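Below is one structure, written out as structure tokens, with a few remarks after it.
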Amino acid sequence: MCALSSARVRDGALYTGRWDANSLKSPSSEELFQAARQAIPPDAALSQDFDYMRAYALLAITSIQYGDTPRMNYYLGLYHSFVAVGMLQDENNWPSGLAHVEIEERRRLFWSMYTLDIFSSIIWGGFPKSREACFNVCYPAECDDEYFSDANPVTTEHIHTAPSWVKGWNFVTDLYRILEHAVDRLGNLRYPVQRTPSVMSYIEQGSPRQASTLTNIMTLYEQLPPIFKTTQPLTGRLEKDLFGFQAANIAASLQLVRMVLFTTDNSTVDQKCQIASEVINGFASVPVAYLRAISSPLFHHLAGIGSIMGSAFENGLTESSYRRVRSVLLDLANLLANLEVDLYCAAGTSDKLRAQVSRIDEFMKIQRSVDASGTAGGLTPWTHHPNPELLSPGLQQQLAMSENSPQIHFPAELFENWSWAFDFN
2 MCALSSARVR
12 DGALYTGRWD
22 ANSLKSPSSE
32 ELFQAARQAI
42 PPDAALSQDF
52 DYMRAYALLA
62 ITSIQYGDTP
72 RMNYYLGLYH
82 SFVAVGMLQD
92 ENNWPSGLAH
102 VEIEERRRLF
112 WSMYTLDIFS
122 SIIWGGFPKS
132 REACFNVCYP
142 AECDDEYFSD
152 ANPVTTEHIH
162 TAPSWVKGWN
172 FVTDLYRILE
182 HAVDRLGNLR
192 YPVQRTPSVM
202 SYIEQGSPRQ
212 ASTLTNIMTL
222 YEQLPPIFKT
232 TQPLTGRLEK
242 DLFGFQAANI
252 AASLQLVRMV
262 LFTTDNSTVD
272 QKCQIASEVI
282 NGFASVPVAY
292 LRAISSPLFH
302 HLAGIGSIMG
312 SAFENGLTES
322 SYRRVRSVLL
332 DLANLLANLE
342 VDLYCAAGTS
352 DKLRAQVSRI
362 DEFMKIQRSV
372 DASGTAGGLT
382 PWTHHPNPEL
392 LSPGLQQQLA
402 MSENSPQIHF
412 PAELFENWSW
422 AFDFN
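Start counting at 1 in the sequence shown, then tack on 1, and there's your number in my numbering.
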């Protein structure tokens, strides 16, 4: 916990003046991380000591803060080994006689690490190590910590008195359980060459499709209390700001679900651009202090959007489609530039993305110069146009022609550095 806190402080995650950041620089996060790592015995999973289980989780999350994806996967794997040894996916296998507080802590840890498992499989292209259908673990009680203890367990009265921030947290868990099933289809789209023989023809396709899934999700969202639907200004009071963090997390997770579902349902470029723009505009409206406090995981979330937008180039684009994709990518670069200030693992990310866009621009210029049809005229893809009704008849005609221009196919080598642009390691 100390290593993670130190790394977050270094990355500017403090959002109040209650602490002196300079006094928290020594010892360094890396020194604390090393001390924690050395304190864990090699056979910790066999001991089934809950503190070691939490330690693996914290070391994995701290590795994300460092931008060290391989190390994150290493500790995430050790965590899942710990769960597998004790068969902890079923509460019936938990140690008997646990106090009420530890039961709640275990539930929070279990579902938190499940969401990280799904998140990492989407953002870094791995695979989920756990399946929600195999779980038999309750959600954490929707009650604030101060209202229960080992001597005073959670009651129905506590849960229904006022909404707790945990309610929003549990809703995000619901979203990731839905995402898990979308990841199954996402994996099939990641590999141009399928080396693993398919058995899909023998399996009944029961995964919900995009339209019905989104409808069900929005029905759940509408049932949330209003406090989870808008990000209120920061107050410096944790009991109030927790709701703001949950609102920001809910908004980000909802859009991630939409992006993944549209990707797996062979969505159009316009649909991808529309959702990506909503994500970027949504984050732009959230107070920067919230985003800085979320810190490195938010950067990886945005990188996932960039990677999905990169897939828009795979089947070729028209001139007008390229303009839309380009606009979204530059908006994303601007958002990253505002957030990466002082962020240890993400320096220069926005510049790398802009450089990648510039490379594509150069290709487009060459493509236009050799295009015998001349359908694009003198129109440049980086021009932002007003309402077509306000344009001159000549420019309106150019725009209409660009909408119907032939597909431009991009060479694969143009995107060799695409993942590098979003590499925070």
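Ideal placement from N, C-alpha and C gives every residue a C-beta, glycine not left out.
Remember, it's a predicted structure, so these values are computed and weren't measured experimentally.
| What number of angstroms, rounded off, separates the C-alpha of F1 from the C-alpha of M88? | This structure gives no information on residue 1, because the portion of the chain shown stretches from 2 to 426.
| Cβ of Y57 within 8 Å of Cβ of F83? | In the sequence shown, the residue the question calls residue 57 occupies position 56. In the sequence shown, the residue the question calls residue 83 occupies position 82. Against a cut-off of 8 Å, the Cβ pair of F83 and Y57 comes out as a contact.
| In this structure, what does DSSP give as the bridge partners for N137? | What you label residue 137 is simply residue 136 of the sequence shown in a count that begins at 1. Answer is D91.
| Straight-line gap, A290 to A14 (C-alpha atoms, nearest Å) | Here residue 290 corresponds to residue number 289 of the sequence shown, with the count starting at 1. Here residue 14 corresponds to residue number 13 of the sequence shown, with the count starting at 1. Straight-line Cα distance between these residues: approximately 8 Å.
| said: At the level of alpha carbons, what is the spacing between L180 and V261? | reply: The residue you call residue 180 lines up with position 179 of the sequence shown. The residue you call residue 261 lines up with position 260 of the sequence shown. Rounded to the nearest angstrom, the two C-alpha atoms are 8 Å apart.
| request: State whether the region 234-249 contacts the region 269-282, with contact taken as three or more CB pairs (one from each stretch) at a distance under 8 Å. | output: no
| message | Buried or exposed, going by whether 16 or more other CB atoms sit within 10 Å of the CB of A294? | response | Translated into positions along the sequence shown, residue 294 becomes position 293. A294 comes out buried.
| field | In DSSP terms, what I409 is bridged to | value | If you number the sequence shown from 1, residue 409 lands on position 408. In DSSP, I409 forms a bridge with L318.
| field | The alpha helix (DSSP H) enclosing I65, as first and last residue numbers | value | The residue labelled residue 65 in the question sits at position 64 within the sequence shown. 51-67 is the extent of the alpha helix (DSSP H) around I65.
| said: Quick check on DSSP: helix, strand or coil for I41? | reply: Within the sequence shown, residue 41 is the residue found at index 40, counting from 1. Coil, per DSSP.
| What's the gap between the Cα of R238 and the Cα of R19? | Start at 1 with the first residue of the sequence shown, and residue 238 comes out as number 237. Start at 1 with the first residue of the sequence shown, and residue 19 comes out as number 18. For R238 and R19, the distance between alpha carbons rounds to 11 Å.
| message | Once the 5 residues before and after A338 are set aside, which same chain residues still bring their CB inside 6 Å of it? | response | As a first step, residue 338 is located in the sequence shown; it is residue number 337 there, counting from the start. Correct list, in chain order: S351.
| query | Helix or strand or just coil, what does DSSP make of D145? | reply | Numbered from its first residue, the sequence shown carries residue 145 at position 144. Coil.
| task | Answer with buried or exposed for V371, where buried requires no fewer than 16 other C-beta atoms within 10 angstroms of its C-beta. | result | For this step, residue 371 is matched to residue 370 along the sequence shown. Exposed is the call here.
| Near M2, which residues of its chain fall below 7 Å by C-beta distance, leaving aside the five closest residues on each side in sequence? | Along the sequence shown, one-based indexing puts residue 2 at 1. Cβ neighbours of M2 beyond the five flanking positions: L59.
| N217 - DSSP class collapsed to helix/strand/coil | For the purposes of this step, residue 217 is taken as residue 216 along the sequence shown, with counting starting at 1. If DSSP states are grouped into helix, strand and coil, N217 belongs with the helices.
| query | To which residues of the same chain is L340 closer than 6 Å at the C-beta, ignoring the five residues directly before and after it? | reply | Taking the sequence shown and counting its residues from 1, one reaches residue 340 at position 339. Correct list, in chain order: L292.
| query | Could you give the distance in angstroms between the alpha-carbon of D332 and the alpha-carbon of M310? | reply | The sequence position of residue 332 within the sequence shown is 331, counting from 1. The sequence position of residue 310 within the sequence shown is 309, counting from 1. Roughly 12 Å between the two C-alpha positions.
| field | Helix, strand or coil at K1 according to DSSP, with G and I counted as helix | value | Not covered by the structure: residue 1. The range shown for the chain is 2 to 426.
| query | Does DSSP put L176 in a helix, a strand or coil? | reply | For the purposes of this step, residue 176 is taken as the residue at position 175 of the sequence shown. Helix, per DSSP.
| message | In the DSSP assignment, the alpha helix (DSSP H) including K353 goes from what residue to what residue? | response | Here residue 353 refers to the residue found at position 352 of the sequence shown. That run of the alpha helix (DSSP H) goes 350-370.
| message | Between I123 and P298, how many whole angstroms is the CB-CB distance? I'm expecting something under 8 Å. | response | Reading the sequence shown from its first residue, position 122 is the one you call residue 123. Reading the sequence shown from its first residue, position 297 is the one you call residue 298. Not a contact, Cβ separation roughly 12 Å.
| field | 8 Å Cβ cutoff met for P141 and N171 | value | Locating residue 141 in the sequence shown gives position 140, where the first residue counts as 1. Locating residue 171 in the sequence shown gives position 170, where the first residue counts as 1. Yes; because the gap between Cβ atoms is below 8 Å, this pair is in contact.
| request: Measure how close the beta-carbons of S121 and M73 come, nearest whole angstrom, since I'm counting them as under 8 Å. | output: For the purposes of this step, residue 121 is identified with residue 120 of the sequence shown, where counting begins at 1. For the purposes of this step, residue 73 is identified with residue 72 of the sequence shown, where counting begins at 1. Going by Cβ atoms, the distance from S121 to M73 rounds to 7 Å, so yes, they are a contact pair.
| Would you call the region 408-417 and the region 314-324 touching, i.e. three or more CB-CB distances under 8 Å? | yes
| request: Pick helix, strand or coil for E341, following the three-state DSSP scheme. | output: Walking along the sequence shown from the start, residue 341 turns up at place 340. Looking at E341 - three-state DSSP - the assignment turns out to be coil, as it is neither helix nor strand.
| field | Any C-beta of chain B under 8 Å from that of F244 | value | The structure shown has no chain B; it contains just one protein chain.
| How would you label L221, buried or exposed, when you count the other beta carbons within 10 angstroms and need 16 or more for buried? | Working through the sequence shown from its first residue, we reach residue 221 at position 220. Flag for L221 reads exposed.
| said: Distance check for P71 and E414, CA to CA, integer angstroms please. | reply: Position 413 of the sequence shown, counting from 1, holds the residue named residue 414. Position 70 of the sequence shown, counting from 1, holds the residue named residue 71. C-alpha separation (whole angstroms): 26 Å.
| request: May I ask you to report which of helix, strand or coil DSSP gives N153? | output: For this step, residue 153 is matched to residue 152 along the sequence shown. DSSP places N153 in coil when its eight states are reduced to three.
| Burial state of R132, where buried means 16 or more other Cβ atoms lie within 10 Å | By 1-based counting over the sequence shown, the position of residue 132 is 131. By the neighbour-count rule (16 or more Cβ atoms within 10 Å), R132 is not buried but exposed.
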